[in-house]
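Read the structure below first, then the notes.
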Amino acid sequence: MSETNKGLLINRKDCYHYRDLYFDCLEKNNEDKNRCHREFEKFSDVCQSTWVSHFIRKRGVEKYKKTVEPKQDGKSDINANNQTDAIQVPSPTTTPKTPQKLNFEKIKNDKINQHFIRLLEELFSNNLPLEALNYCYSIFSTNFVINSRTLILAAKIVAMCHTTKTTISSIDSNKLNLISNKIQKELPNCENSIKLTIQLLLDASKGDWSKINILEQIPDKAECFAILASILIERREFDILSSLCSIIQPKQKFYQHPILWNPFLNFLEEFNNTKQCKELLELFMDQIVSIGKTITSEEFKCIQAALSYYKDWKVEEAIISKETLECSICKEKLPEQKPLDNEQFLKLRDAFREHLQDGLSNRISGENTANQRFYKTLDNLIIQTKSLKNSKPLIVDGLNLARGVYRRERFPYFNKIIVEMIEKKFFPILIISKTPFTYFYQNKLQKLPNVKLFEIEKEFKSKSEINIKYSTQDDLFAINSALYLGPNTHLLSNDNFVDHIGSRHFLPEIAPLFKIWRETRCISFIPDGTDEEKFFKLPNPFYAQIQGDALRGYHIFVKDKTDDIFNHVRDELVYCVRTK
């Protein structure tokens with residue numbers, strides 16, 4: 001074996017040794033974080049940077065923003081376990097030896113720089129501030145080309161080093177000062193948004209919160225919020241934290257940010273059942289309530305974990321009465337979910353009518369013959385019904401209910417749902433179908449009271465009259481029918497017309513109106529025949545989302561998104577948080 005290869009083998013053995021010491025420290029969750037930091041310094045000093053990145057990725061210690069490493073000089077990263085010769089990575093200080101090599105050296109150094117930045121990002125994103133600071137120092141001590149991406153990352157690392165007592169006590173002030181000075185030196189060359197971001201982070205690390213309002217002006221506000229909130233929790237500056245929480249838009253769930261979540265839980269554990277614990281929990285819950293959504297079971301576990309540190313707040317599973325809207329635990333009456341007001345309803349109706357008219361071509365002497373036939377059918381339905389004022393019209397997506405084909409064996413379930421709707425006092429009922437009903441279905445359905453049928457292909461015999469996407473034809477006719485018949489009209493569908501959310505055919509303000517309308521007027525059903533007792537679900541009369549405050553208590557609605565057919569008709573789990 002050559003002397004060179006012997007040297008490489010010795011280096012590799014040393015690298016393996018310090019790698020194992022560092023990973024053992026992390027896996028044991030050693031309370032002495034300084035020890036892990038020292039082990040990482042040895043590990044990163046002995047091993048080449050590509051090896052460090054490779055081992056960290058392979059052992060699954062960190063999560064990665066990028067899954068593919070850049071190649072060095074046309075070669076792939078080292079797999080140190082199955083190669084005998086290590087690839088030597090040029091230093092960041094490498095300079096071209098001749099003018100002819102300028103472009104090649106520039107490309108090579110750019111790739112090396114990208115690799116160093118990526119590893120730095122990995123250390124930061126996995127909440128390893130001291131390791132990130134050490135690596136950042138090694139980069140900034142060279143002639144490394146610093147760009148805006150590197151500067152922001154370095155500023156975040158500087159700020160993150162002030163988020164926990166353990167980290168603060170372990171900071172090497174010389175390294176911190178060198179990095180901070182280097183950032184300040186490069187700051188004048190940055191664009192304004194980057195300047196604001198970096199200055200806010202550096203000021204926060206020094207305890208200066210005078211410019212906290214600029215958080216709204218920076219692009220990376222969510223991650224910066226997490227870092228700033230962590231610093232404020234560590235320093236117990238809850239008044240400033242309250243201001244920070246009121247400034248940030250959109251509101252943030254603490255548990256979405258590992259940088260914030262760990263210091264948050266550590267504080268609750270240390271100061272459990274204290275006034276400060278309660279104050280911090282109020283800020284935490286206010287952020288989630290402001291978002292105003294149903295949460296998942298995994299999110300609920302996070303909330304449960306946080307609330308467990310304050311014994312005066314009790315979390316219990318509850319039932320909300322759909323008749324009285326009253327909670328079975330606290331007896332509080334939940335606010336009623338209100339439908340669109342008249343102005344909002346008319347705006348939504350006009351938007352969908354215009355969309356339908358755009359899809360129906362004028363074919364005879366410029367007259368809207370297709371439109372006229374459609375709305376004439378609806379007018380006849382209104383005429384046949386003495387008054388819509390006191391009625392609850394229902395529009396049914398027939399082909400959807402029949403699972404795509406009008407087969408005789410599927411009719412009992414089809415009929416079961418229609419009869420249930422009649423018993424729920426829905427009338428008149430208009431069943432819209434993209435394709436013609438079979439004689440069997442037509443004969444049976446027309447015998448039911450207040451049930452009318454509308455066949456799209458029959459009414460619009462010429463396909464050239466319809467320029468609407470075929471897969472959404474019946475959806476669009478169903479929606480327009482419901483809007484035409486008035487604000488109290490309901491719809492029956494297994495997918496709640498999700499294809500129309502955020503449609504490019506509508507102005508941005510239409511989407512939230514459509515969402516409210518769906519939530520208050522759509523009836524969900526299971527598309528397959530089933531013996532389940534609950535095979536359809538009426539709209540909730542209350543807001544099925546996390547709500548409340550520290551004075552009245554909270555109600556948390558939990559529902560996971562699943563692919564099973566019962567998801568649309570499954571009720572949300574409700575938890576009551578009693579705060580008094």
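Heads up: the sequence shown at position 186 corresponds to 186 in the working numbering, and the numbers run straight through without jumps.
Beta carbons are placed, not taken as given, at the ideal position from N, Cα and C, and that holds for glycine.
For clarity, every value in this text was computed on a predicted model and none was experimentally measured.
In this structure, how does DSSP classify residue i when only helix, strand and coil are distinguished?
{"i": "E423", "result": "helix"}
{"i": "S433", "result": "strand"}
{"i": "E298", "result": "helix"}
{"i": "C522", "result": "strand"}
{"i": "K392", "result": "strand"}
{"i": "H257", "result": "coil"}
{"i": "E336", "result": "strand"}
{"i": "L325", "result": "coil"}
{"i": "R578", "result": "strand"}
{"i": "Q249", "result": "coil"}
{"i": "L232", "result": "helix"}
{"i": "I556", "result": "strand"}
{"i": "I214", "result": "helix"}
{"i": "F477", "result": "helix"}
{"i": "K452", "result": "strand"}
{"i": "D208", "result": "coil"}
{"i": "A318", "result": "strand"}
{"i": "F548", "result": "The sequence as given places Gly at residue 548; Phe does not occur at that position. Residue state, collapsed to three classes: strand."}
{"i": "F23", "result": "helix"}
{"i": "L491", "result": "strand"}
{"i": "F264", "result": "helix"}
{"i": "K537", "result": "strand"}
{"i": "F238", "result": "helix"}
{"i": "D397", "result": "strand"}
{"i": "L573", "result": "strand"}
{"i": "F542", "result": "strand"}
{"i": "P129", "result": "helix"}
{"i": "E509", "result": "coil"}
Between the C-alpha atoms of residue i and residue j, what's the straight-line distance to the nearest angstrom?
{"i": "Y375", "j": "I510", "result": "22 Å"}
{"i": "D73", "j": "L268", "result": "Residue placement at D73 is flagged as unreliable, the pLDDT there being 39, under the threshold of 50; a coordinate-derived value is accordingly withheld."}
{"i": "L128", "j": "V145", "result": "23 Å"}
{"i": "K590", "j": "K333", "result": "This structure leaves residue 590 out entirely; the chain is present only between 1 and 580."}
{"i": "L280", "j": "L215", "result": "21 Å"}
{"i": "T167", "j": "C161", "result": "6 Å"}
{"i": "R581", "j": "C47", "result": "In this structure the chain extends from 1 to 580, so residue 581 is not present and cannot be described."}
{"i": "K561", "j": "F40", "result": "41 Å"}
{"i": "N177", "j": "T579", "result": "46 Å"}
{"i": "E27", "j": "L21", "result": "10 Å"}
{"i": "N213", "j": "I248", "result": "9 Å"}
{"i": "R521", "j": "H490", "result": "5 Å"}
{"i": "A608", "j": "F557", "result": "With the chain covering only 1 through 580, there is no way to say anything about residue 608."}
{"i": "K195", "j": "A229", "result": "20 Å"}
{"i": "E121", "j": "H115", "result": "10 Å"}
{"i": "S589", "j": "F254", "result": "Here the chain covers residues 1 to 580 and nothing more, so residue 589 does not appear."}
{"i": "E519", "j": "A305", "result": "31 Å"}
{"i": "I303", "j": "G404", "result": "42 Å"}
{"i": "R236", "j": "W517", "result": "44 Å"}
{"i": "S170", "j": "D45", "result": "19 Å"}
{"i": "P412", "j": "P527", "result": "13 Å"}
{"i": "F427", "j": "G486", "result": "13 Å"}
{"i": "F352", "j": "Q442", "result": "28 Å"}
Are the beta-carbon atoms of residue i and residue j separated by less than 7 Å?
{"i": "T164", "j": "P263", "result": "yes"}
{"i": "C587", "j": "A155", "result": "The question about residue 587 has no answer here: the residues shown for the chain are numbered 1 through 580."}
{"i": "L492", "j": "R349", "result": "no"}
{"i": "S205", "j": "A159", "result": "yes"}
{"i": "K392", "j": "N488", "result": "yes"}
{"i": "A478", "j": "D397", "result": "yes"}
{"i": "I259", "j": "T197", "result": "no"}
{"i": "K444", "j": "L399", "result": "no"}
{"i": "G553", "j": "C245", "result": "no"}
{"i": "S328", "j": "A318", "result": "yes"}
{"i": "K537", "j": "V574", "result": "no"}
{"i": "T150", "j": "I117", "result": "yes"}
{"i": "S193", "j": "I231", "result": "no"}
{"i": "Q252", "j": "F284", "result": "no"}
Thinking residue i and residue j are a contact (beta carbons under 8 Å), I'd like their distance in whole angstroms, please.
{"i": "V451", "j": "I432", "result": "Not really, about 12 Å apart at Cβ, beyond 8 Å."}
{"i": "N273", "j": "K311", "result": "5 Å"}
{"i": "S524", "j": "I395", "result": "In fact, because the Cβ distance is near 14 Å, the residues do not count as touching under 8 Å."}
{"i": "F454", "j": "Y406", "result": "In fact, because the Cβ distance is near 14 Å, the residues do not count as touching under 8 Å."}
{"i": "I422", "j": "L448", "result": "7 Å"}
{"i": "L551", "j": "H355", "result": "The pair is not a contact, with the Cβ atoms about 45 Å apart (cut-off 8 Å)."}
{"i": "K322", "j": "P541", "result": "6 Å"}
{"i": "W51", "j": "C15", "result": "6 Å"}
Would you call the stretch 291–307 in contact with the stretch 334–349, where contact means no fewer than 3 C-beta pairs closer than 8 Å? no
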